[in-house]
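In the working numbering, the protein residues as written are 140 to 334.
Report on one structure; see the data block that follows.
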Amino acid sequence: MNTFDPQLTGKIASAIPLTAVLSIITLALLYSGIPIFGPINDLTNAVSGVLIAVMVGQFHFLFRERAAGVAVIFLLVAFAGAATIVINSVLVAFGRMHWLTGGMYTAIGYGLIGVWFFVLLRTIVPQPFLTPGLIRLGTVTTLALLFCLPAAPLMGLGDNLKINPLIIIVFFGAGTGWLLFPFWCWQLGRRLISS
140 MNTFDPQLTG
150 KIASAIPLTA
160 VLSIITLALL
170 YSGIPIFGPI
180 NDLTNAVSGV
190 LIAVMVGQFH
200 FLFRERAAGV
210 AVIFLLVAFA
220 GAATIVINSV
230 LVAFGRMHWL
240 TGGMYTAIGY
250 GLIGVWFFVL
260 LRTIVPQPFL
270 TPGLIRLGTV
280 TTLALLFCLP
290 AAPLMGLGDN
300 LKINPLIIIV
310 FFGAGTGWLL
320 FPFWCWQLGR
330 RLISS
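Written out as structure tokens, the structure reads:
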């Protein structure tokens, strides 16, 4: 298939917030004292990364129609972000990476997805399924996701992450973007499925 499929994209977009809800539930159960939900939470985040990559692939068809010269570059940026989320989440789930380091890699992944999302919204508009409200929400979401990008230089510095003040900006971006992006996907999914 070489065209944008609104129904399929809507179903994928609608599944992303389900993984976010499961992630919140499993995180709450972990902090209530049930350690098995830690790895389950990480694997839920990995599934979310896979779904994001599939949704990015669907939007690539629209992106390519409007900006063929750069569409592949931003597709690779988004795929790198999704792969970062998936790989580090699996490593944390199986005890191969500390959760704080994994969180920083997740932030980098969401930052890269934010770069793709920012350019996407400015490239594919207008579209019948992108209402002004959905575009505004998407813009706020991209700005939050872009605040995740300082995670990359923080990781490169190798300092104690817990004492670096930039970590507050990264966690703000990651937390806000992590909540807003699934909400945007849910709104998008509803619009696409009903179209």
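The C-beta atom is built at its ideal place from N, Cα and C for all residues, glycine as well.
Considering residue i, what are the terminal residues of the alpha helix (DSSP H) in which it resides?
i, result
"A181", "For the sequence presented, residue 181 should be read as Asp rather than Ala. Here the alpha helix (DSSP H) through D181 covers 176-205."
"Q146", "145-170"
"R261", "238-263"
"P321", "305-333"
"I274", "271-285"
"L296", "290-296"
Under 8 Å by Cβ, that's how I've got residue i and residue j pegged, so tell me the actual separation to the nearest angstrom.
i, j, result
"L309", "A290", "Per the sequence presented here, residue 309 reads as Val, with Leu not at that position. Going by Cβ atoms, the distance from V309 to A290 rounds to 5 Å, so yes, they are a contact pair."
"F213", "V258", "5 Å"
"P321", "I151", "In fact, because the Cβ distance is near 12 Å, the residues do not count as touching under 8 Å."
"L147", "Q197", "6 Å"
"S162", "N184", "6 Å"
"F268", "S334", "6 Å"
"G220", "I332", "That belief does not hold up - the Cβ atoms of G220 and I332 are roughly 25 Å apart, past 8 Å."
Is residue i close to chain C? Criterion is C-beta to C-beta, closer than 8 Å.
i, result
"L318", "Among the protein chains of the structure shown there is no chain C, as only one such chain exists."
Three or more C-beta pairs closer than 8 Å, one from the segment 220-234 and one from the segment 179-193: is that the case here? yes
Pairs of beta-carbons, one from the segment 259-275 and one from the segment 234-247, closer than 8 Å: are there three or more? no
Within 8 Å, do at least three Cβ pairs link the segment 240-249 to the segment 193-212? The segment 193-212 makes no contact with the segment 240-249, as fewer than three CB pairs between them are under 8 Å.
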